[in-house]
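Under our numbering, the first residue of the sequence shown is numbered 1438, with each subsequent residue one higher. Think of the CB as a built atom: it goes at the ideal place given N, C-alpha and C, for glycine as much as any other residue. First the structure, in the form of structure tokens, and then the observations on it.
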Amino acid sequence: MNLSVQHSGSPINKSVEITGSKSESNRLLLLQALYPNVAVNNVSNSDDSKVMRKAVEDEKAEIVDIHHAGTAMRFLTAFFSVQEGREVLLTGSSRMKQRPIQILVDALRQLGANISYEENEGMPPLRIRGKELAKNKVSLAANVSSQYISALLLIAPKLPQGLELTLEGKITSVPYIKMTLSLLDQLGIETQFEGNKIQVFPKKKVEDATLTVESDWSSASYFYSIAALSDVGTEITLSSYKENSLQGDSSLAQIYQEFGVTTSYNENTITLRKETTPEKDIVECHLENAPDIAQTIAVTCFGLHMGCDLYGLHTLPIKETDRLAALQTELTKLGATVSITDESLHLTPSTTINEGVDIDTYQDHRMAMAFAPLGLKTQIIINEAEVVSKSYPDYWKDLEALGFTNKEL
């Protein structure tokens, strides 16, 4: 499905309800599988979370296909490693079979896991034979994807001796690690995070608990972009959010002040308001702790005729697509001048936005959602627009409520 996207030009003053955070949901679904007396509310309705829920609830499946869900691949690799007596083939899409997982597999093997590669060394699919992991110490490079680290932390309380994890080098994506530890803490599982060492203590059972997932800040990023690209006075209210969020992408509130957008916190909502026109020509952002909002920020800058220097993007080439290369290609189609390195993106200010450009999405939900707000500035075509269901199935419907016309071609 290809969509022509353009805004009507009418003033925007709307409220939008956004589903639960995919990051929090997938962590809690795994913990719920380990501790069935835990209830979880406001679970994400994303494809990734549906895949995750199905995988942990089907106790007899011999083949588990997680399609494009990278978080599920990492978390389930650890989960199935501790399911004693169960053998599973964990597989995914053709792109998933190109995404490296050796770092996590090596770490689990250090703990005693029985995992083998079915096709290419270091890549899914994986054959996992669950067993008790008797060892409790492992080391990992600190700059790897936080999902590898969180996968180990989530199963840690079920290990006989818990887990002592040493991170070697400079730690990146700290908010996602702290999110995982905070969720463990809420279940009464003792944790420690000092320096480069994380310790999770064993806990066979937890007290009955009900946890509510906060809405997804990554999804909120597209509404920050819409506010930034709209006229002064635009207001968008989003629910359900809290000021002291566990999600690293909540840094949006501070970053988008550069674009004249303020954030006010209410009881369980945030209101975005376009207060002023940006004064800077170029913004600089270090996104080690929030790489998923890089696409949104780059497109926002382009739409405002601003430039940007974005750093800390070393994980983007191994996402659903090589996001750095994809951003460079698609922004260039629109008339931008973009250069990239293996961990940064540099956009030159431009006064031109080409009209009617087809944006390829590369089976990447964030490419579709990040470019759609440019419909405020010009008519834009989003190819394979249905890919948004991976994290935000209601995205196009919610944009229509804000005055966008999404016409299927």
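Check                                                                                                                             : Outcome
Contacting residues, own chain, Cβ-Cβ under 7 angstroms from residue 1738 (five flanking each side not counted)                   : 1720, 1744, 1745, 1784
Three-pair Cβ contact test at 8 angstroms for the region 1537-1555 versus the region 1493-1503                                    : no
DSSP state of residue 1723 mapped onto helix, strand, coil                                                                        : strand
One or two residues paired with residue 1636 in a DSSP bridge                                                                     : 1601, 1629
Residue 1532 (DSSP reduced to helix, strand or coil)                                                                              : coil
Buried versus exposed, by CB contacts within 10 Å (16 or more), residue 1846                                                      : exposed
8 angstroms CB neighbourhood of residue 1466 in its chain, flanking five on each side removed                                     : 1477, 1480, 1486, 1489, 1490, 1493
Cβ separation of residue 1782 and residue 1736, assumed to be a contact under 8 angstroms, to the nearest whole Å                 : In fact, because the Cβ distance is near 11 angstroms, the residues do not count as touching under 8 angstroms.
Nonlocal neighbours in the same chain, by C-beta distance under 7 angstroms from residue 1816, ignoring five residues either side : 1441, 1443, 1792, 1793
Entirely enclosed beta strand (DSSP E) segments - the region 1497-1533, minimum 3 residues                                        : 1500-1502, 1524-1528
Beta carbon of residue 1724 nearer than 7 angstroms to that of residue 1749                                                       : yes
Supposed contact pair residue 1697 and residue 1680 - C-beta distance, whole angstroms, cut 8 angstroms                           : Actually they do not touch by this definition, with Cβ atoms about 21 angstroms apart.
Of the residues 1715, 1761, 1753, the one placed nearest residue 1581, counting alpha carbons only                                : 1753
DSSP state of residue 1613 mapped onto helix, strand, coil                                                                        : helix
Short Cβ contact (7 angstroms threshold) for residue 1652 with residue 1772                                                       : no
Proximity of residue 1805 and residue 1790 at Cβ, strictly below 7 angstroms                                                      : no
Limits of the alpha helix (DSSP H) - the one that residue 1834 falls within                                                       : 1832-1838
Residue range of the unbroken beta strand (DSSP E) whose run includes residue 1580                                                : Taken as a continuous stretch (DSSP letters only), residue 1580 belongs to no beta strand (DSSP E), as it is neither H nor E.
Residue 1788 - partner residues in DSSP beta bridges                                                                              : DSSP output for residue 1788 lists no bridge partner at all.
Span separating the alpha-carbon of residue 1512 from that of residue 1714                                                        : 42 angstroms
For residue 1671, the residue or residues it bridges with in DSSP                                                                 : DSSP, once it has assigned bridges, lists no residue as partnering residue 1671.
Enclosing beta strand (DSSP E) for residue 1748 [first to last residue]                                                           : 1744-1748
C-alpha distance - residue 1505 paired with residue 1802, whole-angstrom precision                                                : 10 angstroms
CB-CB length for residue 1594 against residue 1621, believed under 8 angstroms                                                    : 7 angstroms
Cβ-based neighbour list, residue 1671, same chain, cut-off 6 angstroms, excluding 5 preceding and 5 following                     : 1449, 1664, 1711
Helix, strand or coil at residue 1463 [DSSP, three-state]                                                                         : helix
Contact between the region 1608-1619 and the region 1529-1539 (3+ Cβ pairs under 8 angstroms)                                     : no
Buried/exposed call for residue 1463, threshold 16 Cβ in 10 Å                                                                     : buried
Segment limits, alpha helix (DSSP H) that includes residue 1663                                                                   : 1654-1666
Distance CB(residue 1747)-CB(residue 1731) smaller than 7 angstroms                                                               : yes
Per-residue burial, residue 1807 [other beta carbons within 10 Å of its own, 16 or more giving buried]                            : buried
For residue 1559 and residue 1482, the rounded distance between their alpha carbons                                               : 30 angstroms
Nearest-angstrom Cα separation, counted from residue 1553 out to residue 1516                                                     : 15 angstroms
Spatial distance of residue 1550 from residue 1809 (CA atoms)                                                                     : 43 angstroms
Contacting residues, own chain, Cβ-Cβ under 6 angstroms from residue 1640 (five flanking each side not counted)                   : 1594, 1626
Candidates 1617, 1496, 1510, of which the one nearest residue 1529 by Cα                                                          : 1510
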